[in-house]
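Below: the structure, in structure tokens.
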Amino acid sequence: MKYAFSTLGVPGMPLRDVVRLANSTGYDGVELRAHPEEPVHPAIGAEERADVVERFDAAGVRILAVAGYARVASPGEDEPVHQELRALLALARDLGAPYVRVFPGGGDEQDQEEADAVAARRLGLAAETAADMGVRILLETHDSHRTGAAAARVLGPVGHKNVGALWDVMHTWLGGEAPAAAHAVLAPHLGYTQVKDIASADDTTPLALGAGVLPLEECVRLLDDDAWVCWEYEKRWYPDAADLPGMLAAGREYLEHARTGR
């Protein structure tokens, strides 16, 4: 199993420090939050992209994914979403990242069938672009489609190898879906898995892995031996939460023990 962490947990941290942190704590990769608040986002130029690649390659750290904010089920015209997807895919291609993360983002005014159809249409249209760029789009279990069953309603009709799923274990749990049930429907589509921990359904302030209520051991043991697991610690949204860097090494050890039972 390979381990990554998201830069959502270290908001604004310079890339040299992100790479150094991954190396010093034994992480194989990093999920890069692709937002203008961060060093890496679709608006950076070719020279900056090349510098990012050089930094990570020199350290032997993999850029696992570009975590974008495109909302593929959102109401409105398709073209702005397609433009956002193309920009994220191009960034991932240039960085050598195998995955782009997107959200469902369905609106309250949509019924389930409409949101499913909009997301499937947009992802289907983007699939060939993703294939041409050698990148896979992953729909995260989140917001309007927080369970594995909901994500699978979109991914099944798309039916393309360059469109898959990102399993955020908190959201499937909050949606009332057992880990085995979530994994069963997501497994044919799964790119990688995001883990985190929280105190309760009513308090989602991030905690150290194993310190909260999420069934992390059960989730991790369902995954393949060569799976990627990414710790998404939501420090950006909870600035008063404990700092992530000092917890990373222990978090990796926790995941290894969860996987093996030792």
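Here the numbering used here is used: the first residue of the sequence shown is 238, the next is one more, and so on. Heads up, the beta-carbon is just placed ideally off N, CA and C, and yes, glycines get one too. Since this is a predicted model, take the numbers as computed values, not measurements.
Open item on the list: Just to confirm, is the Cβ distance from E414 to L245 under 8 angstroms?
Closed with: Judged by beta-carbon spacing, L245 lies beyond the 8 angstroms limit of E414, meaning their Cβ atoms are not closer than that value.
TODO: Give the secondary structure of S243 by DSSP, where H, G and I count as helix, E and B as strand, and everything else as coil.
DONE: DSSP, reduced to helix, strand and coil, places S243 within a strand of the structure shown.
Open item on the list: In this structure, how does DSSP classify Y306 when only helix, strand and coil are distinguished?
Closed with: Y306 sits in a strand when the DSSP states are folded into three classes.
TODO: Give the secondary structure of D294 by DSSP, where H, G and I count as helix, E and B as strand, and everything else as coil.
DONE: Reduced to three states, the DSSP call for D294 is helix.
TODO: Would you identify the three-state DSSP class for Y491, choosing helix, strand or coil?
DONE: Here Y491 carries a helix assignment [DSSP, helix/strand/coil].
- [ ] State buried or exposed for K398, treating a residue as buried only when at least 16 other CB atoms are found within 10 Å of its CB.
- [x] Under this definition K398 is an exposed residue.
Open item on the list: Here's a check: name, in chain order, each residue in its chain whose Cβ is nearer than 6 angstroms to the Cβ of Y336, leaving out the five neighbours to either side.
Closed with: Once the five neighbours on either side are set aside, the close Cβ partners of Y336 are A302, R373, L375, G428.
Task: Whether V277 touches L269 by CB criterion (8 angstroms) - done: Yes, Cβ-Cβ distance for V277 and L269 is below 8 angstroms.
Open item on the list: How far does the beta strand (DSSP E) with D405 in it extend, from its first residue to its last?
Closed with: From DSSP, the beta strand (DSSP E) with D405 extends over 400-405.
- [ ] Give the straight-line distance between the Cα atoms of L362 and G483, rounded to the nearest whole angstrom.
- [x] If I take the Cα positions, the gap works out to 42 angstroms.
Open item on the list: Can you tell me whether Q347 is helix, strand or coil according to DSSP?
Closed with: In the three-state reduction of the DSSP assignment, Q347 falls in the coil class.
Task: Proximity of T441 and A464 at Cβ, strictly below 8 angstroms - done: Taking C-beta atoms as the reference points, T441 and A464 fail to come closer than 8 angstroms.
Open item on the list: Which same chain residues end up closer than 6 angstroms to A324 when comparing Cβ atoms and leaving out the 5 residues on each side of it in sequence?
Closed with: Excluding its 5 nearest sequence neighbours in each direction, A324 has C-beta neighbours in its own chain below 6 angstroms: P279, listed in chain order.
TODO: Note down the Cα distance separating A368 from V400, rounded to an integer number of angstroms.
DONE: Each residue's Cα considered, the two are about 9 angstroms apart.
Open item on the list: At the level of alpha carbons, what is the spacing between A417 and M238?
Closed with: When rounded, the distance between both Cα atoms is 19 angstroms.
Open item on the list: For a test of the three-state rule: what should DSSP assign to W410, helix, strand or coil?
Closed with: Helix at W410.
Task: Contact under 8 angstroms by Cβ, R458 with Y240 - done: Between R458 and Y240, the C-beta gap is not smaller than 8 angstroms, which leaves the two residues out of contact.
Open item on the list: Contact defined as beta carbons within less than 8 angstroms: I believe A310 pairs with A352. What is the distance between those atoms, to the nearest angstrom?
Closed with: Contact holds; Cβ gap of about 4 angstroms.
Task: Inter-residue spacing [alpha-carbon to alpha-carbon] between V521 and T384 - done: Missing from the structure shown is residue 521; the chain here goes from 238 to 499 and no further.
- [ ] Flag this pair as yes or no: are the beta carbons of A307 and E321 separated by less than 8 angstroms?
- [x] Their beta carbons are under 8 angstroms apart, which means A307 touches E321 by this criterion.
TODO: Would you kindly report the start and end of the unbroken alpha helix (DSSP H) that includes T262?
DONE: Its alpha helix (DSSP H) spans residues 252-262.
TODO: Grab the span of the beta strand (DSSP E) containing V466 for me, first residue to last.
DONE: Run containing V466: 465-468, per the beta strand (DSSP E) assignment.
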